[in-house]
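Q: Heads up, the sequence shown is in my numbering, so the first residue is 701 and it goes up one at a time. No residue lacks a Cβ here, since even glycine has one placed at the ideal position from N, Cα and C. On a predicted model such as this, the values are computed, not experimentally measured, just so you know.
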Amino acid sequence: MRKNMSKLIHALIAFIFLNCLWWLASVSLNQNMLPSPFAVYRHLFTMNPSILWLHTYNSLVRLFWGMFIAVVIGFVIGVLMGRFPKINQLLDPIVYLTYPIPKIALLPIIMLLFGLGNVSKITLLVLIIVFQVVLSVRDGVKTIPKSYYHHLYVLGASQFQQFYKITLPAAYSAILNAIRIALGTAIAILFFTEVYGTSYGLGFFIMDAWGRLDYLDMYSGILVLSLVAFILFQLIDLAETRADKWRKTN
Numbered sequence: 701m702r703k704n705m706s707k708l709i710h711a712l713i714a715f716i717f718l719n720c721l722w723w724l725a726s727v728s729l730n731q732n733m734l735p736s737p738f739a740v741y742r743h744l745f746t747m748n749p750s751i752l753w754l755h756t757y758n759s760l761v762r763l764f765w766g767m768f769i770a771v772v773i774g775f776v777i778g779v780l781m782g783r784f785p786k787i788n789q790l791l792d793p794i795v796y797l798t799y800p801i802p803k804i805a806l807l808p809i810i811m812l813l814f815g816l817g818n819v820s821k822i823t824l825l826v827l828i829i830v831f832q833v834v835l836s837v838r839d840g841v842k843t844i845p846k847s848y849y850h851h852l853y854v855l856g857a858s859q860f861q862q863f864y865k866i867t868l869p870a871a872y873s874a875i876l877n878a879i880r881i882a883l884g885t886a887i888a889i890l891f892f893t894e895v896y897g898t899s900y901g902l903g904f905f906i907m908d909a910w911g912r913l914d915y916l917d918m919y920s921g922i923l924v925l926s927l928v929a930f931i932l933f934q935l936i937d938l939a940e941t942r943a944d945k946w947r948k949t950n
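(1) Run the proximity test for L734: is its beta-carbon closer than 7 Å to any non-hydrogen atom belonging to the ligand ZN?
(2) Answer yes or no: do K842 and G782 have a C-beta to C-beta separation smaller than 8 Å?
(3) Taking contact to mean 3 or more Cβ pairs, one atom from each stretch, closer than 8 Å, check whether the stretch 830–840 and the stretch 763–778 are in contact.
(4) With a cut-off of 8 Å on the beta carbons, I'd call W723 and S736 a contact; round off their distance for me.
(5) What do you get for M767, buried or exposed, if any count of 16 or more other CB atoms within 10 angstroms of its CB means buried?
(6) For A789 and G778, what's the separation of their Cα atoms in angstroms?
(7) Which of helix, strand or coil does DSSP assign to P785?
(8) Q934 and A882 look like a contact to me (Cβ under 8 Å); what is the Cβ gap, rounded to whole Å?
(9) I believe I887 touches A929 by the beta-carbon criterion, under 8 Å. Please report the beta-carbon distance rounded to the nearest angstrom.
(10) DSSP on S899, reduced to helix/strand/coil?
(11) Using the three-state DSSP reduction, which class does T885 fall into: helix, strand or coil?
(12) So, is Y757 buried or exposed, given that buried needs 16 or more other C-beta atoms within 10 angstroms?
(13) Just verifying my parser: in three-state terms, what is the DSSP assignment at A857?
(14) Determine the burial state of G901: buried for a count of at least 16 other Cβ atoms within 10 Å of its Cβ, exposed for fewer.
(15) Could you say if the stretch 888–899 and the stretch 806–823 meet the contact criterion of at least three C-beta pairs nearer than 8 Å?
(16) Nearest-angstrom Cα distance between I822 and Y796?
(17) Looking at the secondary structure, which residues open and close the alpha helix (DSSP H) in which A805 lies?
(18) Could you give the distance in angstroms between the alpha-carbon of L925 and the alpha-carbon of P793?
(19) So which of I809, L827, S847 has the shortest CA-CA distance to P800?
(20) Taking the continuous alpha helix (DSSP H) assigned at D839, which residues delimit it?
(21) Quick check: the Cα distance between L916 and I906, rounded to an integer number of angstroms?
(22) Please state whether DSSP places S736 in a helix, a strand or coil.
Have a look at this one:
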């Protein structure tokens, strides 16, 4: 309880500090291009909530499916590479050759193959996240001492029991770390992809407001996008706390 209260206080202090910087910048610069935080908050709460919710919902759907598919694929490949050296030797060169490719450069190709809809946007998110999940899970599984599996095998544990008791706890933490690292990049790429071929999404909403010179709308969209990212990071931290407790019990 005390730890949660401390985190809340620190978050509140950071929020106040950032708003003070924002206010000072708005006073120093052109207020039309950089309105004060008070003006943006007032505008945000007077907007039609269904409009922002529609754009937020579409962005969250794309982000969820992109992360979900990437985690499932990355988890399976990462576990196989971590548990079986021959599979690791086979896939290692492929991963290391394709991982450094800037995925945003593939956007025109992906759009040609899958069109301008959600499939192309989700595909790009998957390509960005999946490599980090694969490498994190593989490295997490490879650090498990072989003796752990041997002890359970001697006790008569099945392959599933060995996976559930040993492999999964190690891989779960690795997945969360990979998602935390990839989330910021994924949101930035999602914003970029929503500028093309869609009329819904926070990226579209922000850039459309910018094109209309409606800076209050634009900053309101940026605030909502930041809030979404903050909540997602908090959920990852919560999942990691639960994972630590589960890992200790296992």
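A: To lay it out plainly:
(1) As presented, the structure is devoid of all ligands, the ligand ZN included, so that no description of it is given.
(2) yes
(3) yes
(4) 6 Å
(5) So M767 counts as buried.
(6) Looking at the sequence provided, one finds Gln at residue 789 rather than Ala. If you take the alpha carbons of Q789 and G778, they lie about 12 Å apart.
(7) helix
(8) Contact flag wrong, Cβ pair sits at about 16 Å.
(9) 5 Å
(10) coil
(11) helix
(12) exposed
(13) coil
(14) buried
(15) yes
(16) 22 Å
(17) A805 -> no alpha helix (DSSP H), and no H or E assigned at all.
(18) If you draw a straight line from the Cα of L925 to the Cα of P793, it comes to about 37 Å.
(19) L827
(20) 818–842 is the extent of the alpha helix (DSSP H) around D839.
(21) 10 Å
(22) coil
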